[in-house]
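So the structure is just underneath, and the comments pick up after that.
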Amino acid sequence: MAQNNNQNGAQTAPTTQSKAIAAMKDELANSVLRRIEELQANGGLVVPKDYAVTNQMNLAWLRISEMLWEDSNKVQHPVLEVVTKASVANSLLDMVLQGMDIQKKQGYFIPIKNKASGQLELTFWRSYFGDEKLARAQGMKKVRSVVVYEGDEFEYMYTEDGEIKITKHVPSLSRIDKDKIVAAYAVTTMADGSHSTTIKTMTEIRQAWMQGATRGNSPAHRNFTSEMAGRTVERSAMKHIINSSSDAWLLSEDEKERRVTNETAAAPAGANIEEAKFEEVAPAAITAQSAVPAETMPPIPTPTPVPREEATEEAAPAAIEDDPFNV
């Protein structure tokens, strides 16, 4: 079969969607909407009045349908042809449960390989803007970060109640160098006027980057290291606010990050959310040649979590919308 070359030199597989893939949209959308209605009826979910579920589902589907995945032979395939159908439904449900807006770049979809089955699964990840939205919903008014460079006069202390307090920071324009970052700190201000400070060394920041899909190797991380370091410590501060809320079980992404780094296969801390997700009946991947209609989604299961491999270049999309400079 003839292959076309794209501008990057990678081959592109035929993008004509099979009947099975074309039929997935309505089935998955209806399945997810039914699950959402069940959760709402049971009092387990309150969707914000200004959140249009159907519109967000359509926007997300359009985004997913345009995504390509590159295999080891540099051949690109539509993501919908290589990920499991249940994972698509789960990622859409994850987006809606968190109230994320795709158009506002509050999250993005990434295929990750399941170590146990060897298959690709689509996952939804919150972006910086998604974290900011949730933190503001919990009463955060603003968050500001500052980078500490080699040679800066920097001192901090712990108060009696264990809070971090910056006592001295004397920066200098002459010391700004993305290769000489020592640390970064973020200060959050809540609606009641209270403040909280989070500090991370550059070593800790790089360790956090290794948990992401691009493993800290995106153009933004390489070229705008100080800005991305600030974003990382801001996200750490905001996640503390998010995870301390009454909906922390719904919003936490800690388990997702652990699966990407392959550190543990333990059950997720927010086990309740798993009960709302879909179980894969037939794990065989949907192919472009398949004309078999997608199977009906089963009743709400309690699936057993499985470890996932590290997010390699093959598993990650070409562009990460979390990139603050890609606007």
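Quick note on numbering: the sequence shown equals residues 1 to 327 in UniProt numbering.
Backbone N, C-alpha and C fix where the C-beta goes; we use that ideal spot for every residue, glycine too.
All values reported here derive from a predicted model rather than from experimental measurement.
Whether residue i touches residue j by CB criterion (8 Å)
i, j, result
"residue 184", "residue 229", "yes"
"residue 190", "residue 238", "no"
"residue 120", "residue 69", "yes"
"residue 131", "residue 235", "yes"
"residue 45", "residue 97", "yes"
"residue 99", "residue 51", "yes"
"residue 59", "residue 102", "yes"
Presumed contact (8 Å Cβ cut-off) between residue i and residue j, rounded CB distance
i, j, result
"residue 181", "residue 202", "5 Å"
"residue 40", "residue 95", "The Cβ separation is near 16 Å, so there is no contact."
"residue 91", "residue 105", "Actually they are not in contact, since the Cβ atoms of residue 91 and residue 105 sit about 16 Å apart, beyond 8 Å."
"residue 334", "residue 88", "The question about residue 334 has no answer here: the residues shown for the chain are numbered 1 through 327."
"residue 134", "residue 242", "5 Å"
"residue 199", "residue 149", "Rounded, the Cβ-Cβ distance is 14 Å, inconsistent with contact."
"residue 188", "residue 143", "5 Å"
As assigned by DSSP and simplified to three states, the class of residue i
i, result
"residue 102", "coil"
"residue 196", "strand"
"residue 271", "Low per-residue confidence applies at residue 271: pLDDT is 30, beneath 50, and the placement is therefore not dependable, though the value from the model is reported in the following sentence. Helix at residue 271."
"residue 51", "coil"
"residue 32", "helix"
"residue 56", "helix"
"residue 202", "helix"
"residue 262", "Unreliable placement is indicated for residue 262, whose pLDDT of 41 sits below 50; the coordinate value is still reported in the next sentence. It is coil, neither helix nor strand."
"residue 240", "helix"
"residue 296", "Because residue 296 carries a pLDDT of 33, less than 50, the predicted location of this residue cannot be relied on, and no value is offered for it."
"residue 46", "coil"
"residue 230", "helix"
"residue 174", "helix"
According to DSSP, residues forming a beta bridge with residue i
i, result
"residue 120", "83, 113"
"residue 143", "188"
"residue 126", "107"
"residue 78", "68"
"residue 154", "169"
"residue 148", "183"
"residue 164", "158"
Check: Using 8 Å as the threshold, is the segment 26 to 45 in touch with the segment 64 to 77, meaning 3 or more CB pairs across them?
Finding: no
Note to self: Quick check: the segment 160 to 173 against the segment 209 to 219, are at least 3 beta-carbon pairs closer than 8 Å?
What the structure shows: no
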